[in-house]
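Each remark here refers to the structure printed beneath this line.
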Amino acid sequence: MTPLKTDPTHDIISAEIEEKICPICGQPNRCGEKEVINGIELNRCWCAYETFTQKIFEKIPQEKYRKACICQKCVYRYKTKNADILKLRKIVDELTNNWKNDPKISWTQIYGIGEKLLEWKTQKNIAGLWQYPPKMITATMDDGIGQGLKLIHLFSRIAGLEIVPLGLMQSRETIINECNKQCPEFLGMTILQFETEEILNTIIPQFPEKMIVLAGGPIFKMIPDDDIQNKKYFSFHHISEYLTFLLNYEPKVKMNTRQ
3 MTPLKTDPTH
13 DIISAEIEEK
23 ICPICGQPNR
33 CGEKEVINGI
43 ELNRCWCAYE
53 TFTQKIFEKI
63 PQEKYRKACI
73 CQKCVYRYKT
83 KNADILKLRK
93 IVDELTNNWK
103 NDPKISWTQI
113 YGIGEKLLEW
123 KTQKNIAGLW
133 QYPPKMITAT
143 MDDGIGQGLK
153 LIHLFSRIAG
163 LEIVPLGLMQ
173 SRETIINECN
183 KQCPEFLGMT
193 ILQFETEEIL
203 NTIIPQFPEK
213 MIVLAGGPIF
223 KMIPDDDIQN
233 KKYFSFHHIS
243 EYLTFLLNYE
253 PKVKMNTRQ
């Protein structure tokens, strides 16, 4: 008997359909779809921002193992707190790289993206980039508007820092006293004038020894790199540089053990 001939495309079509179905729940897995966070479209498939634990792979039937992607709902079902932190890190890292490569992006656009990201982070109940968030005091000495500080506050909240705002146009004495009283990990300031930058250099020795001073503002574009490297603080002239610093920062003290 001559065997019946079958359509050679049948197996290919079946395989393509199977690849788009979650092997755990049998629902569409959205493989290849770009991640969208509160209207923020990122560059890669949603799975690039997730962390897959070994526990979830144990739920896949052996005959379907490595044949199709797991869907996002199943990932969330077996997600851990650390996985949420890693996802936030991946998103912040991608946005940072995008802004570094797009010098024309405006303050308004960046702030709008930040608001959407903070809303998403709050909905997901993600603490931030670290399990134990550092504290940061913020202030200005020569900035009466605080536009830059407003952006720092927003993305610091996204990162999960504990923010203590002293306010605008603070005296050096107030800033020194509060830093020594509260002993935060960071002091965040925006600097508009070269004279203020010089004042900052003179008062740094009066701050807690382990506190890191973070200074941002347009004047740092005009200070030569060699001079910046010799300063006793970290300087940023764009929010992407500040976020890169936070992504690389590793807290040395657990906040719940601070005396």
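The letter at position 69 of the sequence shown is residue 71 when you use the working numbering, and the numbering goes up by one with no holes. Ideal Cβ positions, reconstructed from N, Cα and C, are used throughout, including at glycine.
Output yes or no for whether 9 Å exceeds the beta carbon distance between residue i and residue j.
i	j	result
residue 42	residue 76	no
residue 122	residue 39	yes
residue 174	residue 139	no
residue 128	residue 89	yes
residue 61	residue 80	yes
residue 217	residue 247	no
residue 192	residue 151	yes
residue 233	residue 203	yes
residue 214	residue 189	yes
residue 156	residue 211	no
residue 171	residue 146	yes
residue 178	residue 149	no
residue 241	residue 112	yes
residue 33	residue 70	yes
residue 119	residue 97	yes
Could you check if residue i is buried or exposed, using at least 16 other CB atoms within 10 Å of its CB as the buried criterion?
i	result
residue 94	buried
residue 141	buried
residue 37	buried
residue 198	buried
residue 187	buried
residue 48	buried
residue 31	buried
residue 50	exposed
residue 124	exposed
residue 108	exposed
residue 78	exposed
Please report the residue range of the alpha helix (DSSP H) in which residue i lies.
i	result
residue 242	241-250
residue 1	Because the chain spans 3 through 261 in this model, residue 1 falls outside it and cannot be assessed.
Where does the unbroken beta strand (DSSP E) through residue i begin, and where does it stop?
i	result
residue 36	36-39
residue 31	Careful: residue 31 lies outside any beta strand (DSSP E) and carries neither H nor E.
residue 218	214-218
residue 1	Only positions 3 to 261 of the chain appear in this structure, which leaves residue 1 out of reach.
residue 43	42-47
Practice task
Just list the alpha helix (DSSP H) runs in the stretch 98-144, keeping only unbroken ones of 4 residues or longer that don't cross its boundaries, in chain order.
Solution key: 109-125
Problem - 3 or more residues per run - each beta strand (DSSP E) lying fully within the stretch 149-195 - result: 164-169, 188-192
Exercise for the section: Would you mind listing the alpha helix (DSSP H) stretches within the stretch 66-101 that are 4+ residues and don't spill past its ends, in chain order? Expected result: 74-79
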